[in-house]
Amino acid sequence: MAVDCATFAVPQMADYFRGFGKWLAEEVGENKAAITVNRYLPFFLDIEQRWKTIPDYTALLGHFGAQRLRRVLLPVRWMQASDLVVTDAVAREEDSNRRRISATLDKVGHGSQAWAILNGYHKVLMSELEDEKTTLRSIRLALTPAAALLLKGKEMERTPPDQLVLDAYLENTPGQRAAVSGFVRYLRNVHGSDIALPKVNEIKVKSNRKKALEAEMLLLMREPGEGEAFIRRWVSVALAYFHGLPKKVGLRVIGGDIIASPDDGLIVRLDGRQYWIPRVAPDV
Numbered sequence: 208m209a210v211d212c213a214t215f216a217v218p219q220m221a222d223y224f225r226g227f228g229k230w231l232a233e234e235v236g237e238n239k240a241a242i243t244v245n246r247y248l249p250f251f252l253d254i255e256q257r258w259k260t261i262p263d264y265t266a267l268l269g270h271f272g273a274q275r276l277r278r279v280l281l282p283v284r285w286m287q288a289s290d291l292v293v294t295d296a297v298a299r300e301e302d303s304n305r306r307r308i309s310a311t312l313d314k315v316g317h318g319s320q321a322w323a324i325l326n327g328y329h330k331v332l333m334s335e336l337e338d339e340k341t342t343l344r345s346i347r348l349a350l351t352p353a354a355a356l357l358l359k360g361k362e363m364e365r366t367p368p369d370q371l372v373l374d375a376y377l378e379n380t381p382g383q384r385a386a387v388s389g390f391v392r393y394l395r396n397v398h399g400s401d402i403a404l405p406k407v408n409e410i411k412v413k414s415n416r417k418k419a420l421e422a423e424m425l426l427l428m429r430e431p432g433e434g435e436a437f438i439r440r441w442v443s444v445a446l447a448y449f450h451g452l453p454k455k456v457g458l459r460v461i462g463g464d465i466i467a468s469p470d471d472g473l474i475v476r477l478d479g480r481q482y483w484i485p486r487v488a489p490d491v
């Protein structure tokens, strides 16, 4: 530790690092502390160079970011234990959202037409944040499908995205329909794009749901398990597939409500009704 502390120009920072080393030895043992303490030296030196002392948590968060602070969790824990900083979970989440928003903006290519469109949408959302009509998390969730739609448009050489791009995007990611709706309105109202969310194809939605349930059933049949958790999963999927019930109803079924039927199936009693489903394995 003496050699490491000698690298500091500010005596107080040397004392801090020495104190961290002692704390670390108590936490993980002296041998492991001696091996690992040096990996945190650059973190302390960076703090010294920027502030000459340990600043408050907001300053640390603004400089290093939530992701890097997670990589130096032990020094941060020591700072908390020593009453040098008080962590702020809300500030940490907001920092994470801001950095992820910045990364999303960069995905479409800085300076490109697609970037200009996405940046304009971002400014609209940020103005709503100033008016306390939205949150950073909601902005991040709105920008993610917007960027994906713009990238799809670049792939199809259609920028701004038009109806063909939107249809192709939703064909592959139907679950993003609601999330991308705000950006579709923005394209239509601000950029004059001829674009609108297509009507939901109920038949196709049901068909896709049926296919997903069938795939899940086949997976369970190929790798039959055992125990109550497996039975509940099988009952949930089978009731949804054969009878159109929500998958979550299987969680309400208890062992006494499942009985074997003569035709190698199962009878499930639920809300005063009986439902037949196939048997996935001899012991179910």
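Going letter by letter, the sequence shown gives residues 208 to 491 in this note's numbering. For glycine and all other residues, C-beta sits at the position ideal for the given N, C-alpha and C.
Residue i, buried or exposed, once every other Cβ within 10 Å from all chains shown has been counted against 16
| i | result |
| --- | --- |
| GLN481 | exposed |
| ALA419 | exposed |
| PRO367 | buried |
| ILE242 | exposed |
| LEU377 | buried |
| ARG307 | buried |
| ASP302 | buried |
| PRO382 | First, the amino acid is wrong: residue 382 is Gly here, not Pro. When all chains shown are included, GLY382 counts as exposed. |
| GLY360 | buried |
| GLY228 | buried |
| MET150 | This structure gives no information on residue 150, because the portion of the chain shown stretches from 208 to 491. |
| LEU426 | exposed |
| PRO198 | Absent from the structure is residue 198, since the part of the chain shown begins at 208 and ends at 491. |
| ALA321 | buried |
| VAL412 | exposed |
| ALA385 | exposed |
| ALA240 | buried |
Pair within 8 Å by beta-carbon distance, residue i and residue j
| i | j | result |
| --- | --- | --- |
| LEU404 | SER414 | no |
| LEU358 | LYS314 | yes |
| ARG278 | ASN304 | no |
| LEU473 | ILE484 | yes |
| LEU268 | ALA232 | no |
| LEU312 | ASN326 | yes |
| GLY226 | SER289 | yes |
| ILE466 | VAL442 | no |
| LEU373 | LEU356 | yes |
Spatial neighbours of residue i in its chain, beta-carbon cut-off 8 Å, leaving aside the 5 residues before and after
| i | result |
| --- | --- |
| GLU423 | VAL444 |
| VAL293 | ASP263, TYR264, GLN287 |
| GLU339 | none |
| VAL217 | GLU255, LYS259, THR260 |
| THR214 | LEU248, LEU252 |
| HIS398 | ILE324, PRO367 |
| ALA266 | TRP258 |
| ASP295 | TYR264, THR265, LEU268 |
Residues bridged to residue i (per DSSP)
| i | result |
| --- | --- |
| SER468 | GLY472 |
| LEU477 | ARG480 |
| PRO485 | GLY472 |
Other residues of its chain near residue i: CB distance less than 6 Å, five sequence neighbours each side excluded
| i | result |
| --- | --- |
| LEU394 | PRO367, SER400, ILE402 |
| ASP471 | ARG486 |
| VAL491 | Per-residue confidence for VAL491 stands at a pLDDT of 46, beneath the threshold of 50, marking its modelled position as unreliable; no derived number is given. |
| ASP478 | none |
7 Å CB neighbourhood of residue i in its chain, flanking five on each side removed
| i | result |
| --- | --- |
| LEU280 | none |
| LEU446 | LEU452, VAL456, GLY457, VAL475, TYR482, ILE484 |
| VAL407 | none |
| PRO489 | Residue placement at PRO489 is poorly supported in this model, since its pLDDT is 48, which falls under 50; the coordinates still yield a value, given next. Closer than 7 Å at the Cβ level, and outside the excluded window around PRO489, lies no residue. |
| ALA354 | THR311, LYS314, VAL315, LEU325 |
Distance between beta carbons of residue j and residue i, contact taken as under 8 Å
| i | j | result |
| --- | --- | --- |
| LEU332 | THR341 | 6 Å |
| TYR328 | PHE390 | 6 Å |
| ILE200 | LEU336 | Residue 200 is absent from the structure shown; the chain starts at 208 and stops at 491. |
| TYR448 | GLU421 | 7 Å |
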